[in-house]
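A.B. asks:
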Amino acid sequence: MASKKQIILPLAVLAGGIALAVAFSSLKTPPEQKPLQDTRPLVSTQSVQLDTLTLDVTSYGIVKAKDETVLIAQVGGQVIAVADQFVAGAFVKQGDILARIDANDYEADLIEAQAGLAQASSALEIERAQAHVAQAEWERIKSDSSDAIASELYLRKPQLAEKMARYRSAQASVKRAKRNLERTYIRAPYDAIIKQRDISLGSVVNQGSRLGELSATSVAHIRLPVADSELQYLPNGGLGANVTLSAQYAGKLTHWPATIIRSEGVIDAKSRMSYLVAQFSKPYSAPSQPLRFGSYVNASIEGRTISDAISVPHHLVKNNKIAVLNDNLTLSFKTLDIVREHNGRVIAQGGLVEGEQLITSALEYPSEGMAVKRDTPATTSDVTQLALKED
2 MASKKQIILP
12 LAVLAGGIAL
22 AVAFSSLKTP
32 PEQKPLQDTR
42 PLVSTQSVQL
52 DTLTLDVTSY
62 GIVKAKDETV
72 LIAQVGGQVI
82 AVADQFVAGA
92 FVKQGDILAR
102 IDANDYEADL
112 IEAQAGLAQA
122 SSALEIERAQ
132 AHVAQAEWER
142 IKSDSSDAIA
152 SELYLRKPQL
162 AEKMARYRSA
172 QASVKRAKRN
182 LERTYIRAPY
192 DAIIKQRDIS
202 LGSVVNQGSR
212 LGELSATSVA
222 HIRLPVADSE
232 LQYLPNGGLG
242 ANVTLSAQYA
252 GKLTHWPATI
262 IRSEGVIDAK
272 SRMSYLVAQF
282 SKPYSAPSQP
292 LRFGSYVNAS
302 IEGRTISDAI
312 SVPHHLVKNN
322 KIAVLNDNLT
332 LSFKTLDIVR
342 EHNGRVIAQG
352 GLVEGEQLIT
362 SALEYPSEGM
372 AVKRDTPATT
382 SDVTQLALKE
392 D
């Protein structure tokens, strides 16, 4: 038979193990309950606002005068006077005297021509009197003899024609001498700014010598290159379109309004661009600041307008589709009716509805129906919708 000690010892060990297990069990911390995690991609949105947009076309050009004239001497001689305003950059009015060529020889030519005219006039009057006498004599002879025939020479008609020709030649000589005398005055042909002067006091010029160059200040022209693909956005090919010119003047950005007056009608062989010509009146009398010749300007040509349109960044559109956020916080794609892609933006006239939410965030792998969350703190309803999706 087993001894009492052999029975009690195992029972005591078992009881101690149970007690120790119960003690450890009471000390164990229950596991924490983890909250439900929202793993949806975070997106930013922008509300769709349809509007009327103008499809402006941008260009650039150099401001030039409509008329530029090189002054050429029409008579020769020494320059005896130069006007103070005949310097580069000065403004002159139409008819202003810029320089004077020595006129002594031309004054003498005029006196000589006038003397020749007086002689020719006197000879003509004498010949007319002689012709009158010859005509009267012939009338007397004719009354005495009906068979008499008067010759042209007898009536002095050839002589009278000769004297008339000499008189007219003398008149032409006087006119030519007066014109040459007037040409000794170098005048401005229109209101202008002096671009260059090529003579000085005492210079000797010949007929055809260059005296200077000036530019008319009445009208400025700017040739604007436009790509052929851009012409579709301009009504009537751009003719008559309003243009806004902009450039830096005295360190400040300044704008001037102009108008497209014509197209050059050909494509440039080098640039493959069409050229429209903008016109601006009185560039040096502009209300804001003068539009100086030679300035480089940027131009915005007013294009046709489209209604119910939207402009979005180009990176949001792929394969003519754009991502929108649905009311149930899912992503879907809308196909756009693209009108134009320009300067990193896409202009569309159809495909979106006013008030829709565009997704403006960059998503790595967007897909139709993908669950997303707004770039705002999560709400109870958002978490509930997520839990239902996971269930």
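Just remember that the numbering used here sits 1 ahead of the position in the sequence shown, which is counted from 1.
Glycine included, C-beta positions come from ideal geometry on N, C-alpha and C.
Do you know how far the Cα of Leu56 is from the Cα of Arg305?
C.D. replies: Taking the sequence shown and counting its residues from 1, one reaches residue 305 at position 304. Taking the sequence shown and counting its residues from 1, one reaches residue 56 at position 55. Each residue's Cα considered, the two are about 6 Å apart.
A.B. asks: Using a Cβ-Cβ cut-off of 7 Å (strictly less than) and excluding sequence neighbours within five positions of Ala16, which residues of its own chain qualify?
C.D. replies: Here residue 16 refers to the residue found at position 15 of the sequence shown. Cβ neighbours of Ala16 beyond the five flanking positions: none.
A.B. asks: Taking only runs that begin and end inside the segment 62-101, name each unbroken beta strand (DSSP E) of 3 or more residues, in chain order.
C.D. replies: 69-73 and 78-83, all fully within the segment 62-101.
A.B. asks: Taking the alpha-carbon positions, what's the Ser210 to Ile112 distance?
C.D. replies: Sequence index remark: in the sequence shown, residue 210 carries index 209 (1-based). Sequence index remark: in the sequence shown, residue 112 carries index 111 (1-based). If you take the alpha carbons of Ser210 and Ile112, they lie about 26 Å apart.
A.B. asks: If you follow the alpha helix (DSSP H) that Asn181 is in, where does it begin and where does it stop?
C.D. replies: Position 180 of the sequence shown, counted from the first residue, corresponds to residue 181. Start and end: Lys158 to Glu183.
A.B. asks: Give the single residue among Arg188, Gly295, Met274 and His315 whose Cα lies nearest to the Cα of Gly96.
C.D. replies: As a first step, residue 96 must be located in the sequence shown, where it is residue number 95. Checked all of Arg188, Gly295, Met274 and His315; the closest Cα to Gly96 is Arg188.
A.B. asks: Gln350 and Ala310 - do their beta-carbons sit closer together than 8 Å?
C.D. replies: For this step, residue 310 is matched to residue 309 along the sequence shown. For this step, residue 350 is matched to residue 349 along the sequence shown. A contact, by the Cβ cut-off of 8 Å.
A.B. asks: Three-state secondary structure (DSSP) at Ser264?
C.D. replies: Translated into the one-based positions of the sequence shown, residue 264 becomes position 263. Strand, per DSSP.
A.B. asks: Mapping DSSP to helix, strand and coil, what is Ser242?
C.D. replies: Translated into positions along the sequence shown, residue 242 becomes position 241. Contrary to the premise, residue 242 reads as Ala rather than Ser in this sequence. Coil, per DSSP.
A.B. asks: Express the C-alpha separation of Ser247 and Lys253 in angstroms, rounding to a whole number.
C.D. replies: For the purposes of this step, residue 253 is taken as residue 252 along the sequence shown, with counting starting at 1. For the purposes of this step, residue 247 is taken as residue 246 along the sequence shown, with counting starting at 1. The straight-line gap from Cα to Cα measures roughly 10 Å.
A.B. asks: For the beta strand (DSSP E) holding Glu46, just list the boundary residues, first then last.
C.D. replies: Counting from one through the sequence shown, the residue named residue 46 turns up at place 45. Per the sequence shown, the amino acid found at residue 46 is Thr instead of Glu. Note, Thr46: beta strand (DSSP E), Thr46 to Ser48.
A.B. asks: By Cβ distance below 7 Å, which residues in the same chain neighbour Gly345 in space, the five residues on each side in sequence not counted?
C.D. replies: The count along the sequence shown starts at 1 and reaches residue 345 at position 344. Only Pro314 and His315 meet the Cβ criterion.
A.B. asks: Let me check understanding here. Comparing Cα to Cα, which of Lys335, Ser286 and Trp257 lies closest to Ile302?
C.D. replies: If you number the sequence shown from 1, residue 302 lands on position 301. Checking every option, the nearest Cα to that of Ile302 belongs to Trp257.
A.B. asks: Going by DSSP, which residues form a beta bridge with Asp297?
C.D. replies: The sequence position of residue 297 within the sequence shown is 296, counting from 1. Correcting the residue identity first, residue 297 is Tyr in this sequence and not Asp. For Tyr297, which the question treats as bridged, DSSP gives the partners Ile63.
A.B. asks: Less than 8 Å between C-beta atoms, sequence neighbours within five positions excluded: which residues of the same chain meet that for Leu118?
C.D. replies: As a position in the sequence shown, residue 118 is number 117, starting the count at 1. Hits under 8 Å: Tyr168, Ala171, Gln172, Ser174 and Val175.
A.B. asks: Tell me whether Ser308 is buried or exposed, calling it buried when 16 or more other Cβ atoms sit within 10 Å of its Cβ.
C.D. replies: Indexing the sequence shown from 1 puts residue 308 at position 307. When all chains shown are included, Ser308 counts as exposed.
A.B. asks: Which of the three DSSP states is assigned to Tyr191 in this structure?
C.D. replies: Within the sequence shown, residue 191 is the residue found at index 190, counting from 1. Looking at Tyr191 - three-state DSSP - the assignment turns out to be coil, as it is neither helix nor strand.
A.B. asks: So, at 7 Å on beta carbons, what are the nonlocal neighbours of Arg375 in its own chain, with the 5 sequence-adjacent residues on each side left out?
C.D. replies: Against the sequence shown, residue 375 aligns to sequence position 374. Correct list, in chain order: Val44 and Thr46.
A.B. asks: For my contact list, Pro367 and Val64 are in at a C-beta cut-off of 8 Å; report their separation, rounded to the angstrom.
C.D. replies: The residue labelled residue 367 in the question sits at position 366 within the sequence shown. The residue labelled residue 64 in the question sits at position 63 within the sequence shown. Not really, about 49 Å apart at Cβ, beyond 8 Å.
A.B. asks: Once DSSP output is grouped into helix, strand and coil, what is the label at Ala259?
C.D. replies: Here residue 259 is taken as the residue at index 258 of the sequence shown, counted from 1. Strand at Ala259.
A.B. asks: Quick one: grab the DSSP three-state call for Glu113.
C.D. replies: In the sequence shown, counting from the first residue as 1, residue 113 sits at position 112. Glu113 falls in the helix class under three-state DSSP.
A.B. asks: Below 8 Å, how does it come out for the segment 274-282 and the segment 194-213: are there three or more Cβ pairs, yes or no?
C.D. replies: Touching, no, given that fewer than three Cβ pairs across the two stretches are closer than 8 Å.
A.B. asks: According to DSSP, is Gln1 helix, strand or coil?
C.D. replies: Nothing can be reported for residue 1, as the shown portion of the chain is limited to 2 through 392.
A.B. asks: Using a threshold of 8 Å, state whether the C-beta atoms of Ala221 and Leu326 are closer than that.
C.D. replies: Start at 1 with the first residue of the sequence shown, and residue 221 comes out as number 220. Start at 1 with the first residue of the sequence shown, and residue 326 comes out as number 325. Against a cut-off of 8 Å, the Cβ pair of Leu326 and Ala221 comes out as no contact.
A.B. asks: Could you name the residues of the same chain whose beta carbon sits closer than 8 Å to that of Glu342, not counting the 5 residues immediately before and after it, in chain order?
C.D. replies: Position 341 of the sequence shown, counted from the start, is the residue given in the question as residue 342. Closer than 8 Å at the Cβ level, and outside the excluded window around Glu342, lie His315 and Ile348.
A.B. asks: Would you call the CB atoms of Gly295 and Gln208 closer than 8 Å?
C.D. replies: The residue given as residue 295 occupies position 294 in the sequence shown. The residue given as residue 208 occupies position 207 in the sequence shown. Against a cut-off of 8 Å, the Cβ pair of Gln208 and Gly295 comes out as no contact.
A.B. asks: Under 6 Å Cβ to Cβ from Glu69, same chain only, skipping five residues before and after it: list those, please.
C.D. replies: As a working mapping, residue 69 is identified with position 68 in the sequence shown. Excluding residues within five positions, the ones whose Cβ falls inside 6 Å are Ser216.
A.B. asks: Between the Cα of Tyr191 and those of Ser123, Lys67, Asp229 and Ile19, spot the shortest distance and give me the residue it belongs to.
C.D. replies: The sequence position of residue 191 within the sequence shown is 190, counting from 1. That would be Lys67, whose Cα lies nearest to the Cα of Tyr191.
A.B. asks: Does the beta-carbon of Thr218 have 16 or more other beta-carbons within 10 angstroms, so that it is buried, or is it exposed?
C.D. replies: Position 217 of the sequence shown, counted from the start, is the residue given in the question as residue 218. Buried: at least 16 other Cβ atoms inside 10 Å.
A.B. asks: Pull the bridge partners of Val278 from the DSSP assignment, please.
C.D. replies: As a working mapping, residue 278 is identified with position 277 in the sequence shown. In DSSP, Val278 forms a bridge with Arg224 and Arg263.
A.B. asks: Kindly provide the ranges of any beta strand (DSSP E) runs that are 3 or more residues long and lie completely inside the segment 304-390, ordered along the chain.
C.D. replies: Listed in chain order, they are 306-314, 322-326, 332-336, 338-343, 346-351 and 358-360.
A.B. asks: Who pairs with Ala217 in a beta bridge, going by DSSP?
C.D. replies: Translated into the one-based positions of the sequence shown, residue 217 becomes position 216. DSSP, once it has assigned bridges, lists Ala193 as partnering Ala217.
A.B. asks: Counting only the same chain and skipping the five closest in sequence on each side, list residues whose C-beta sits under 8 Å from that of Gly239.
C.D. replies: Start at 1 with the first residue of the sequence shown, and residue 239 comes out as number 238. Counting only Cβ-Cβ distances below 8 Å, and skipping sequence neighbours, we find Val58, Val227, Leu232, Ile261, Ser264, Leu277 and Ile302.
A.B. asks: Which residue comes first and which comes last in the beta strand (DSSP E) that contains Leu235?
C.D. replies: Within the sequence shown, the letter at position 234 stands for residue 235. Careful: Leu235 lies outside any beta strand (DSSP E) and carries neither H nor E.
A.B. asks: Can we count Ile311 as close to the ligand HEM, meaning its CB is less than 7 Å from some heavy atom?
C.D. replies: With respect to the ligand HEM, the structure shown offers nothing to examine, as it has no ligands at all.
A.B. asks: How far does the beta strand (DSSP E) with Asp52 in it extend, from its first residue to its last?
C.D. replies: Taking the first residue of the sequence shown as 1, we reach residue 52 at position 51. Here the beta strand (DSSP E) through Asp52 covers Asp52 to Thr55.
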